[in-house]
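**Student:**
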């Protein structure tokens with residue numbers, strides 16, 4: 025029997041409904057970490073509109089450069105950061 029251990033925000037939402045462990049849970053968690061790295065945000069955004077970083081990122085998919093962490097964003101790395109952001113969104117997509 026497998027069990028999942030982790031913090032809210034890193035665990036795929038479908039696990040809460042099915043409690044079945046599979047590779048999708050790892051992919052989702054990986055995506056959340058990628059989004060954390062490029063946005064500088066916590067996995068639990070906790071504002072009125074969004075319940076998770078994954079949901080927040082999906083809503084900011086259009087103007088991606090605006091969603092990136094200003095403290096680490098440099099013009100020469102924006103393209104790579106956008107690629108990591110897109111990867112994170114793809115990994116956390118339902």
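Residue numbers (the working numbering): 25 to 118.
Built from N, CA and C at the ideal position, the CB exists for glycine as well.
1. What are the start and end residues of the alpha helix (DSSP H) that includes residue 55?
2. If I measure Cβ to Cβ from residue 62 and keep anything under 6 Å in the same chain, skipping five residues before and after, which residues do I get?
3. In three-state DSSP terms, what is residue 92?
4. Check for me: the alpha helix (DSSP H) holding residue 32 runs from which residue to which?
5. How many whole angstroms separate the CB atoms of residue 57 and residue 116, which I take to be in contact at a CB cut-off of 8 Å?
6. Once the 5 residues before and after residue 95 are set aside, which same chain residues still bring their CB inside 7 Å of it?
7. My output table needs one value for residue 87: the three-state DSSP class, helix, strand or coil.
8. Please report the distance separating the alpha-carbon of residue 48 from that of residue 36.
**Tutor:** Reading it off the structure:
1. 47-63
2. 92, 105, 108, 109
3. coil
4. Neither: residue 32 is in no alpha helix (DSSP H) and is coded neither H nor E.
5. Contact doesn't hold; Cβ gap of about 10 Å is too wide.
6. 64
7. coil
8. 8 Å
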